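*Asks:* Sharing a structure here in structure tokens format.
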Amino acid sequence: TTLPTSLSLSKEYFQSSPTLPVKERSKSSGSSKRKKRRKKARTSTSDESDSRKRKKKRTKRSKKGIKEKKEEEKSQEKENKETTRLEQLKQSLKQDIRDFNAHYEEIGKEIGVHNYEILSLLGVGAQGRVYLVRLTDTGQLYAMKVFLKEAIIDNAKSVRSVLTEQRFLATTDHPFVTKLCHSFQSDERLFMVMEYCPGGELWTLIKHQPHERLNEEQVRFYASEVLIVLEYIHSKGYIYRDLKPENILIHLDGHIRVADFGLSKQAEVLPEMKAVRRRSKLFVRNVVFSPVRVR
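Those letters in the sequence shown? Residues 1 to 295, per UniProt numbering, in order.
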């Protein structure tokens with residue numbers, strides 16, 4: 001068959017061609033392009049979203065890193081300040097210990113630990129030990145409190161407790177208060193030498209009584225002496241704050257000796273003053289009891 005050469009025949013030829021119409025091919029091609037564009041748009045949107053997420057994560061990590069760095073710097077600064085404060089406090093406490101007043105009552109000369117003979121251990125406390133000692137020159141027995149400087153220097157409360165007791169006893173003269181006879185120090189220790197009470201603690205005395213209790217006459221006797229000594233302590237401007245049978249000693253003469261003034265505190269208001277600071281940790285509100293009728 002010969003192909004037509006005219007334009008009209010050519011149109012007829014293409015119309016009779018078994019291939020898809022031109023319009024249908026164009027429609028199919030456009031649909032494919034639109035799909036590609038949509039896919040590309042989705043891919044682009046997804047890439048932008050991933051990029052934003054990554055950027056957000058980087059920003060978050062950066063902010064977190066900056067925050068952690070600031071917190072670390074703040075913590076380090078606080079630690080440095082605390083270290084400086086503790087060092088200053090330690091130096092201050094060392095100076096206080098150097099000012100530990102020497103006290104040589106009844107001796108009139110300087111003495112040291114070499115002048116005493118240790119006989120036995122009387123007790124162990126939170127801050128030191130108590131020994132029964134003998135002064136070699138006179139043979140007199142004493143109770144010696146020994147504090148290790150290294151053990152108390154890092155604790156301000158411990159240092160102040162020792163110094164408070166030493167200063168109070170050095171300025172106290174009362175028959176019912178433990179007498180401080182000598183105090184001194186070495187390079188490593190602090191020493192307080194006090195009168196020895198062979199009767200032991202009031203607590204031990206109570207434990208050895210029938211039914212582990214004092215009779216009425218004993219209660220009146222010891223309670224009256226405790227009240228007398230508390231009145232004296234308050235008149236000196238101090239509050240005892242550690243009254244218990246273990247801190248009440250029985251002397252050879254049968255009278256009490258109040259001991260262990262480490263927790264004592266100087267009052268902020270003197271006893272003769274009427275005004276008392278409210279909510280003070282040092283004072284307790286007075287309680288008035290109803291009178292009891294005795295037949």
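Heads up, the beta-carbon is just placed ideally off N, CA and C, and yes, glycines get one too. Values in this document were obtained by computation on a predicted structure and should not be read as measured data.
Residues in its own chain within less than 8 Å of E212 by CB, not counting five upstream and five downstream?
*Replies:* In the sequence shown, the residue the question calls residue 212 occupies position 212. Closer than 8 Å at the Cβ level, and outside the excluded window around E212, lie I206.
*Asks:* Roughly how many angstroms separate the alpha carbons of V133 and A267, rounded to a whole number?
*Replies:* Indexing the sequence shown from 1 puts residue 133 at position 133. Indexing the sequence shown from 1 puts residue 267 at position 267. Cα to Cα, the separation comes out at about 34 Å.
*Asks:* What are the boundary residues of the alpha helix (DSSP H) that V113 is part of?
*Replies:* Residue mapping note: residue 113 aligns to position 113 of the sequence shown, counting from 1. Looking at the DSSP string, V113 is not in any alpha helix (DSSP H), and its letter there is neither H nor E.
*Asks:* Determine which residues share a DSSP beta bridge with V146 and list them.
*Replies:* The residue you call residue 146 lines up with position 146 of the sequence shown. R129, F191.
*Asks:* Do you know offhand how far H255's Cα is from E225's?
*Replies:* Stepping through the sequence shown from its first residue, residue 255 is reached at position 255. Stepping through the sequence shown from its first residue, residue 225 is reached at position 225. If you take the alpha carbons of H255 and E225, they lie about 8 Å apart.
*Asks:* Alpha carbon to alpha carbon, what distance is there between K78 and residue 296?
*Replies:* Residue 296 cannot be examined here, being either before or after the span of the chain that is shown, 1 to 295.
*Asks:* N155: which of R167, H174, K53, A126 sits nearest, CA to CA?
*Replies:* In the sequence shown, residue 155 corresponds to position 155, counting from 1. Comparing Cα positions, the closest option is A126.
*Asks:* Buried or exposed: which applies to H182, given that a residue is buried once 16 or more other Cβ atoms fall within 10 Å of its Cβ?
*Replies:* For this step, residue 182 is matched to residue 182 along the sequence shown. Counting Cβ neighbours within 10 Å, H182 comes out buried, since at least 16 surround it.
*Asks:* For a quick check, are the C-beta atoms of G128 and V146 less than 7 Å apart?
*Replies:* Numbered from its first residue, the sequence shown carries residue 128 at position 128. Numbered from its first residue, the sequence shown carries residue 146 at position 146. In contact: G128 and V146 (Cβ atoms closer than 7 Å).
*Asks:* Can you give me the start and stop residues for the beta strand (DSSP E) that I256 sits inside?
*Replies:* If you number the sequence shown from 1, residue 256 lands on position 256. 256-258 is the span of the beta strand (DSSP E), which, as asked, contains I256.
*Asks:* Smallest Cα separation from L190: which of L214, I153, H251?
*Replies:* Here residue 190 refers to the residue found at position 190 when the sequence shown is read from its first residue. Selected option, being the one with the closest Cα: I153.
*Asks:* For the alpha helix (DSSP H) that contains F184, what are its first and last residues?
*Replies:* If you number the sequence shown from 1, residue 184 lands on position 184. From DSSP, F184 is part of no alpha helix (DSSP H) but of the beta strand (DSSP E) over 180-185.
*Asks:* So, for V229: in the same chain, excluding its five sequence neighbours on each side, which residues have a beta-carbon less than 8 Å away from its beta-carbon?
*Replies:* Your numbering for residue 229 matches position 229 in the sequence shown. Same-chain partners within the cutoff: H174, F176, V177, I256, V258.
*Asks:* Thinking L141 and N115 are a contact (beta carbons under 8 Å), I'd like their distance in whole angstroms, please.
*Replies:* Taking the first residue of the sequence shown as 1, we reach residue 141 at position 141. Taking the first residue of the sequence shown as 1, we reach residue 115 at position 115. Going by Cβ atoms, the distance from L141 to N115 rounds to 14 Å, so no, they are not a contact pair.
*Asks:* Opposite L121 in the DSSP bridges: which residues?
*Replies:* Counting from one through the sequence shown, the residue named residue 121 turns up at place 121. Answer is Y131.
*Asks:* Measuring alpha carbon to alpha carbon, tell me which residue in L243, F261, R167 is nearest W203.
*Replies:* As a working mapping, residue 203 is identified with position 203 in the sequence shown. That would be L243, whose Cα lies nearest to the Cα of W203.
*Asks:* Pick from K63, F261, K236, V113: whose alpha carbon is nearest that of V193?
*Replies:* Along the sequence shown, read from residue 1 onward, the residue named residue 193 stands at position 193. Checking every option, the nearest Cα to that of V193 belongs to V113.
*Asks:* Skipping 5 residues on each side, what residues in its chain have a beta carbon closer than 7 Å to that of I233?
*Replies:* Position 233 of the sequence shown, counted from the start, is the residue given in the question as residue 233. Same-chain partners within the cutoff: Y240.
*Asks:* For the beta strand (DSSP E) that contains L249, what are its first and last residues?
*Replies:* Numbered from its first residue, the sequence shown carries residue 249 at position 249. 248-250 is the span of the beta strand (DSSP E), which, as asked, contains L249.
*Asks:* Does DSSP put I153 in a helix, a strand or coil?
*Replies:* Here residue 153 refers to the residue found at position 153 of the sequence shown. Note: I153 maps to coil in three-state DSSP.
*Asks:* How close, in whole Å, do the beta carbons of F184 and I111 come, if the pair is a contact with beta carbons under 8 Å?
*Replies:* The residue labelled residue 184 in the question sits at position 184 within the sequence shown. The residue labelled residue 111 in the question sits at position 111 within the sequence shown. Between I111 and F184 the Cβ distance is about 7 Å, and since that is below 8 Å, they are a contact.
*Asks:* Quick check on Y240: does DSSP put it in helix, strand or coil?
*Replies:* Here residue 240 corresponds to residue number 240 of the sequence shown, with the count starting at 1. DSSP places Y240 in coil when its eight states are reduced to three.
*Asks:* How many Å lie between T84 and K55 at the Cα?
*Replies:* Start at 1 with the first residue of the sequence shown, and residue 84 comes out as number 84. Start at 1 with the first residue of the sequence shown, and residue 55 comes out as number 55. Looking at the two C-alpha atoms, the distance is approximately 43 Å.
*Asks:* For the candidate residues T59, P198, S51, whose alpha-carbon lies nearest to that of S120?
*Replies:* Position 120 of the sequence shown, counting from 1, holds the residue named residue 120. Comparing Cα-Cα distances from S120 to each of T59, P198, S51, the minimum goes to P198.
*Asks:* Quick one: grab the DSSP three-state call for L214.
*Replies:* Looking up residue 214 in the sequence shown gives position 214. L214 falls in the coil class under three-state DSSP.
*Asks:* Q166 by DSSP, collapsed to three states: which one?
*Replies:* Numbered from its first residue, the sequence shown carries residue 166 at position 166. The answer is helix: DSSP assigns Q166 an H, G or I state.
*Asks:* Counting along the chain, where does the alpha helix (DSSP H) carrying T204 start and finish?
*Replies:* To locate residue 204, count along the sequence shown from 1; it is residue 204. Element bounds for T204: 202-207.
*Asks:* Identify whether L141 lies in helix, strand or coil by the three-state DSSP scheme.
*Replies:* Stepping through the sequence shown from its first residue, residue 141 is reached at position 141. Three-state result, L141: strand.
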